[in-house]
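Step one of this worksheet: look at the structure below.
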Ligand SMILES: [Zn+2]
Ligand SMILES: [Zn+2]
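Numbering (the working numbering), first residue to last: 24 to 424.
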């Protein structure tokens, strides 16, 4: 590295530290935590200037079942109470094969939480989350691809649910036109647990250590996600609760309060207050990461963006062009073991609270963070596309006339 580069580098690092200070200030009290009214300072310092990526971080839980589904005992009101108690900004209910809560007018603000209604469709290819749809879909009459197309026709978003769950495992990997995939699902995460231990330990108090002990890195779903990204170019990853609160003898099993701490999908939204369109657009863009909040509280303070030292070029989910001096920066609320993946391969690790990596190749770059041996955070990729002049050009003979 030349001395000029070193100077530029250290200037960038000290500048970045300013940004980190700003973020720290925000998370340690300058901002009001647990609300979305004051976005955290999203800043990249460059030459003393502070740049803002312009997004607020909202936290929510998606893929939730209540008594509208045949296999859950928790009520709609239980979800609303727990979501407010856990200071979520939004939740998305996805009852099995019905939009009944939507017809009953349940979508909207309930306390400080925006409740949205989708549905989980049992297709021949597996379970499929359909969000932002308004008409019931007759799954019996349609193939998996036709269901995916119908969700898209309604302007909806679709996610392949729990691709490796025992019941409802995803079978049709030839489908196209879906938005994304659940790369983490709590129900899937319990598969490898001893069922007797699971049943007995569910009764432990406080329950958090037990539920924390369940959490593992979802190897197969992550691999499936990376492969879909390689095949389709852009595929959105989400973390799903698949919450089915279950009641027996006055006891609550897998209660919503705990499920809403097991996994939270955070969205980056350009403005608040939150609206259904803001939630769905952030999900569609992949402006999203998920947090296993029993491991640690992400405090709505995770940033992962691309910049050139002067401007923010994109955040997680964005497609950007490769250019000179392209860097990816991660800022967390506390130090963690960070791993940067490029096209599904781990290419760099660091134990840091803020991390800046120079990028010189196109690829899909996503970040994972772990703490004390437990997975904690997963971001959507920043998609670095080839620079325009690196793209294959047509044979020159076609341009000579
Ligand atoms: Zn399912
Ligand atoms: Zn489900």
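Glycine is no exception: its CB is placed at the ideal position from the N, C-alpha and C atoms. Since we're looking at a predicted model, the values are computed, not measured.
DSSP places residue 106 inside the alpha helix (DSSP H), whose first and last residues are 99 to 108. In the DSSP assignment, residue 344 falls within the beta strand (DSSP E) that extends over 342 to 344. Around ligand 1, the residues selected by a Cβ distance under 6 Å to any of its heavy atoms are 143, 150, 184, 185, 191, following chain order. Where residue 313 is concerned, the enclosing beta strand (DSSP E) starts and stops at 311 to 314.
Assigned with DSSP and collapsed to three states, residue 223 falls in helix. Across the structure, residue 124 and residue 261 are spaced so that their CA atoms are roughly 23 Å apart. Between residue 87 and residue 115, the C-beta gap is smaller than 8 Å, which places the two residues in contact.
Taking the C-beta atoms as reference points, residue 264 is found nearer than 8 Å to residue 84. The beta carbon of residue 394 lies closer than 6 Å to those of 318, 319, 359 in the same chain, with the five residues before and after it left out. The alpha carbon of residue 244 has as its nearest neighbour, out of 186, 203, 196, 210, the alpha carbon of 186. Remark: fewer than three beta-carbon pairs, one from each stretch, lie closer than 8 Å, so the segment 236 to 255 and the segment 287 to 294 are not flagged as touching. Beyond the five residues adjoining it in sequence on each side, residue 273 comes within less than 7 Å, by CB distance, of no other residue in the same chain.
Distance between residue 284 and residue 348, taken at the CA atoms: about 38 Å. Per DSSP, the beta-bridge partners of residue 378 are 353. Nearest to residue 269 by alpha-carbon distance, out of 196, 94, 334, is 94. Judged by DSSP secondary structure, residue 393 falls within the beta strand (DSSP E) whose first and last residues are 386 to 394. Straight-line spacing of the CA atoms in residue 214 and residue 405 works out to 31 Å. 155 is the residue among 236, 111, 155 whose C-alpha sits nearest the C-alpha of residue 300. 249 is the residue among 249, 383, 165, 81 whose C-alpha sits nearest the C-alpha of residue 369. In this structure, the straight-line span from the alpha carbon of residue 77 to that of residue 221 is close to 43 Å. Nearest to residue 306 by C-alpha distance, out of 235, 328, 204, 316, is 204. Secondary structure remark: continuous beta strand (DSSP E) runs of at least 3 residues inside the segment 161 to 220, in chain order: 180 to 183, 203 to 208. Excluding its 5 nearest sequence neighbours in each direction, residue 361 has C-beta neighbours in its own chain below 7 Å: 353, 372, 373, 375, 378, 390, 392, listed in chain order.
Look at residue 143 here: in three-state DSSP terms it is strand.
Here residue 255 is exposed: its Cβ has fewer than 16 other Cβ atoms, across all protein chains shown, within 10 Å. Here residue 157 is not near residue 198, since their CB atoms are 8 Å or more apart.
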